[in-house]
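Protein chains in written order, with this note's numbering: chain H, 1 to 517; chain B, 518 to 1034.
Where a beta carbon is used, it is the ideal one built from N, C-alpha and C, also for glycine.
Just so it is clear, the structure is predicted and the values come from calculations on it, not from any experiment.
As structure tokens, the structure follows; a few thoughts come after it.
2 protein chains.
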Amino acid sequence: MIGAEALLRSLVTSDVDVVFANPGTSEMHFVATLDAVPEMRGVLTLFEGAATGAADGYARMRESPAAVLLHLGPGLGNGLANLHNARRSHAPVVTIVGEHATYHKRYDAPLESDIDTVARNVSTWIRRSLHPESIGADAAAAVAAACGPPGQIATLILPADVSWSEGGSVAPAEPRAPRAAVRAEALDAVSAALRSKQNSALLLGGSALRERGLVAASRIAAATGAALLVETFSARAERGAGIPVIQRLAYLAEMAAGQLDGLRHLILVDTTSPVSFFAYPGKPSDLVPESCEVTVLAGGGDDAIAALELLAGELGAGAEPASGLPAKPDRPTGELGAESIARAIGALLPEGAIVSDEANTSGTFLPAFTAGAPRHDWLSLTGGSIGQGLPVALGAAIACRERSVLALEADGSALYTLQALWTMAREQVDVTTVIFSNRRYAILRMELARVGATASGTRALEMLDISPPDIDFVALARGLGVPATRPDTAEAFTADLERAFAEPGPHLIEAVIPSLF
Amino acid sequence: MIGAEALLRSLVTSDVDVVFANPGTSEMHFVATLDAVPEMRGVLTLFEGAATGAADGYARMRESPAAVLLHLGPGLGNGLANLHNARRSHAPVVTIVGEHATYHKRYDAPLESDIDTVARNVSTWIRRSLHPESIGADAAAAVAAACGPPGQIATLILPADVSWSEGGSVAPAEPRAPRAAVRAEALDAVSAALRSKQNSALLLGGSALRERGLVAASRIAAATGAALLVETFSARAERGAGIPVIQRLAYLAEMAAGQLDGLRHLILVDTTSPVSFFAYPGKPSDLVPESCEVTVLAGGGDDAIAALELLAGELGAGAEPASGLPAKPDRPTGELGAESIARAIGALLPEGAIVSDEANTSGTFLPAFTAGAPRHDWLSLTGGSIGQGLPVALGAAIACRERSVLALEADGSALYTLQALWTMAREQVDVTTVIFSNRRYAILRMELARVGATASGTRALEMLDISPPDIDFVALARGLGVPATRPDTAEAFTADLERAFAEPGPHLIEAVIPSLF
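Structure follows, in structure tokens:
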């Protein structure tokens, strides 16, 4: 069998059966082989950032990688921003980058580039398949590397002649490494800190943010008086009815400092010590108070949930304290704005929904108003590179066909990877996109003052406004095959949202709202 | 003055007075300084690929760099594909990449990445500004490096604290290096080859493709019987009335081999020896026949036009032979298709037009039907990474406000950087975009067979079709603020094209046509 077939069959054998693809000429044998390997599903995107972001969303929900098929160095470049985000979400992703034939590289043809160098920024594992005989094993190794734990990006560079030459064979799956058990010393150190009765908090992130982890953390808090916080931008957090409500660490360094003020012990559970997102003149980058000691209970590759449950046992924590389910908000009336939209979402979010949140400044009211919604998953922008939300929603919907997906998108962010809408229409996935159309990069308006650049000059502010001309997202969505509406009251928005949730296939609702900044 | 102001003023002093910008928080001081330095014009884009491609188009027309302002490593990643193309067009581009404050990097904040590594793939010059005192000189050095010759990409990495700190000063411009004079040995070798009366051809590219270069080459051809060819994808070629019509080397290796068959001497003038764009099983990558000797008259940094004129003199070439101006085609009638569109463009192209050509397979008929048009410039996709055409058109229009720009765009390619349309609307530039909407990646349909992947399976072909759903470019254009039409006959297309050329501001015409492949 040719290399391409060995690759596809080995991926399937390793339980990778979806490929988000933006192929070019050097990947034609991979594409041609799709008919011979019907177990592999190809999902076409119109832009690589949609493919890589979709692989991230898919992996967050499935906890198993999808593959991405990209065309040479420039194709990888287009996918790099969302691979950056995927790296930060610890999503397992297998990136397959087509390459010129081995003997063709020396001719410096127009598309020649240094793929390894581009890949290095986001990939912990990079391998160039040099023989059809080894490509099956390379694929199995890529999947195992991607799975970590924690999940990471494995990049397999695939020369065209290796793809089209005979000699390949299917490799068995490599075992996926389990998460490591918590070390006794870590458990003892955390236990001692919490027993000290000094001001303590657990900062929860990553794999800890599932029901079991959050319940165990709540038991610990009840037993010890420790505070609980969730990392600011988490890859996937279970929320809603029956799940303890835990405050997020604030994005704004000033507010986060307030949350951490007075702490003597900060316990990290699958997250990193909190730092300021950006540097600001005269303000510290490290948000941990000087008198606070940071202790790691579980790192990225550890079994954080088991660690929390062990810790709860060791501390003699009782059952989770009964906590009232926060009330759902009523359906909003009146003016359409960030608050009324958050109310409508809180009132209507379906059971089992997956929320891809890139609402940015317009999302301020969402956590409070959705805390009482039915059980759902919340996927955040992990790496700060905007343009993640729509692709992540697409990938989550491909991973979980039976669940309803809600993409909450700031207008400026949506425009980086809007092409994802077309793949939603093509695949007829149940994604409802809400565009928060405040017609500016509102977060930069806010940041402009925070970094001490006090210019109010019109030329500076023009660089932060995405109007004129006004962008018409209803037209854009329809142009890409997604039905869309632009309600102008809270009631109309709520009705549109209810309809979008009820009808199969993708929908988009553009909410033109005042900017909060 | 703060570092950001020193940077902006030094750029202006070095004759860089346009910046295509996609700023984020770390670039806020640069943005805020725009009001203090009104000589610098900021042009906002919604996606970095639009900014980098625009800088390429600008530089091709102005022969002087624009700056690009990008946000950290992921922003540079989004701009990488069109920087790859710009590298291949030898366009001078100064890329300024904002970076975390120097002291903030070690905290591994979410947007932390290795910018130098990302930049390395496309930049010949990379420098990290570490002090406000040196940033002015860094900017001047970046501009000089970008100017080459030949033009290249210079990347200046700008930490936020260097940008906001006091201590900067304006640096004088560094002298721009002139192109090198042709070496006597090169002239002698080429002279001898052409005098041998063996089958010879000059392959012209890069800076040679201006009127003076093409006229000198025609005189040489007339005096020696040598054939003339133009490189397949040139950054900028002058064409139209009064300029010698010279055939392009074909994209398809099989056709290019036919053009080069029987040659004993191939003379390169600011271009590289022809190689196949991709590798194909069993076919050579090097397109030069074995018995043909390749001689370089002028390389990338040389004064190719002076070399051609010297050579013409040395060979005793006479004045350029009179050659009839090819007739303009009549306005087309009947069905809309790749051929009738090419006829309409040939009939209507305005004097001084700039054509950004990313028509791909649908552009087959364009060279023949536009050869008799008034004087114009033709800008091709230089690096093979699709998504260049609209941004290059935008940049060319910003560089040459008084000229009419025509963007010829394949539908699949347009969707990579469609955001450029919004900046066209915002800046109200005279760009007419024609979308060749054949609803597939037609070139991949063609390449699928050429690489020997003979699958005709539906799952493979689905990966090459961008329908369903049909993409509605009229809706997409209107969504981004550009008026658009979708004529359905050749007559209607011609009328729409005439109106678009006549009216100020951007227009888009979607031509739904049968695919040639």
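According to DSSP, residue pairing for tryptophan 378/H in a beta bridge involves Ala237/H and Val355/H. Around the CB of glutamate 99/H, 16 or more other CB atoms lie within 10 Å, so the residue is classed as buried.
Taken in chain order, the members of the region 92-118 of chain H whose beta-carbon sits within less than 8 Å of a beta-carbon on chain B are His100, Ala101, Tyr103, His104, Tyr107, Asp108, Ala109, Pro110, Leu111, Ser113, Asp114, Thr117 and Val118. Excluding residues up to 5 positions away in sequence, Gly337 and Asn438 lie with their Cβ nearer than 7 Å to the Cβ of proline 514/H in the same chain.
In this structure, the alpha-carbon of valine 951/B lies about 9 Å from that of histidine 1024/B.
When the five nearest sequence neighbours on each side are left out, the beta carbons in the same chain lying within less than 8 Å of the beta carbon of glutamate 810/B are those of Ala710, Arg781, His782 and Leu783, in order along the chain.
By the Cβ rule, the region 654-674 of chain B does not count as touching the region 399-414 of chain H, because fewer than three pairs are nearer than 8 Å. Pairing glycine 318/H with arginine 219/H gives a Cβ-Cβ distance under 8 Å. For glutamate 826/B, no CB of chain H lies under 8 Å from its own CB, so it is not counted at the interface with that chain. Here serine 291/H is exposed: its Cβ has fewer than 16 other Cβ atoms, across all protein chains shown, within 10 Å.
Close to histidine 546/B, with beta-carbon spacing below 7 Å, are these residues of chain H in chain order: Val451 and Ala453. Counting along the chain, the unbroken alpha helix (DSSP H) around alanine 420/H starts and ends at 420-427. Contact between the region 632-641 of chain B and the region 479-495 of chain H is not established, with fewer than three Cβ pairs separated by less than 8 Å.
Per DSSP, the continuous alpha helix (DSSP H) segment holding valine 707/B begins and ends at 701-712.
As DSSP reads the structure, serine 200/H sits in a beta bridge with His265/H. Look at the beta carbons and you see the region 752-764 of chain B not touching the region 784-798 of chain B: under three pairs across the two are nearer than 8 Å. If you draw a straight line from the Cα of glutamate 868/B to the Cα of alanine 876/B, it comes to about 21 Å. Look at glutamate 63/H here: in three-state DSSP terms it is coil, with no helix or strand label. The residues Arg860, Gly863, Ala864 and Phe886, in chain order, have a CB closer than 7 Å to that of proline 846/B in the same chain once the five nearest residues on each side in sequence are set aside. Its Cα nearest to that of tyrosine 958/B, the residue Phe47/H stands out among Met1/H, Phe47/H and Met40/H. By a beta-carbon distance limit of 8 Å, valine 614/B contacts glycine 592/B. Their separation comes to about 7 Å. Residues of the region 250-281 of chain H with a C-beta atom less than 8 Å from some C-beta of chain B are Thr272, Val275, Ser276, Phe277, Phe278, Ala279 and Pro281, listed in chain order.
In the structure shown, histidine 29/H adopts helical secondary structure according to DSSP, grouped into three states. Contact of glutamine 936/B with chain H by beta-carbon distance below 9 Å involves Leu415, Tyr416 and Leu418. With respect to the C-alpha of threonine 672/B, the residue from Leu825/B, Glu748/B, Val536/B and Arg644/B having the closest C-alpha is Arg644/B.
Aspartate 678/B sits buried, since 16 or more C-beta atoms from the chains shown fall within 10 Å of its C-beta.
In this structure, DSSP gives valine 431/H an extended state, which the three-state scheme calls strand. One finds nothing in chain H with a Cβ atom closer than 9 Å to the Cβ of glycine 817/B; even the nearest lies about 12 Å away. The beta-carbon distance between valine 707/B and alanine 823/B, rounded to whole angstroms, is 14 Å. This is too long to meet the 8 Å contact definition.
In this structure, the CA atom of alanine 663/B is about 9 Å from the CA atom of threonine 641/B. Annotation: threonine 1002/B has no Cβ neighbours in chain H at a cutoff of 8 Å; minimum Cβ distance is about 14 Å.
A distance below 7 Å between beta-carbons, with the five flanking residues on each side excluded, links phenylalanine 365/H to the following residues of its chain, in chain order: Ala338, Glu339 and Ala342. Look at the region 100-136 of chain H and you find these whole runs of beta strand (DSSP E), each 3 residues long or longer: 125-128.
When Cβ pairs closer than 8 Å are counted between the two stretches, the region 78-86 of chain H is seen to touch the region 377-388 of chain H, the count reaching three or more.
Within the region 775-852 of chain B, the beta strand (DSSP E) runs of at least 3 residues that lie entirely inside it are, in chain order, 782-786 and 810-815. Using a Cβ-Cβ distance cut-off of 8 Å, the region 603-611 of chain B and the region 936-949 of chain B are not in contact, since fewer than three pairs of beta carbons, one from each stretch, lie closer than that value.
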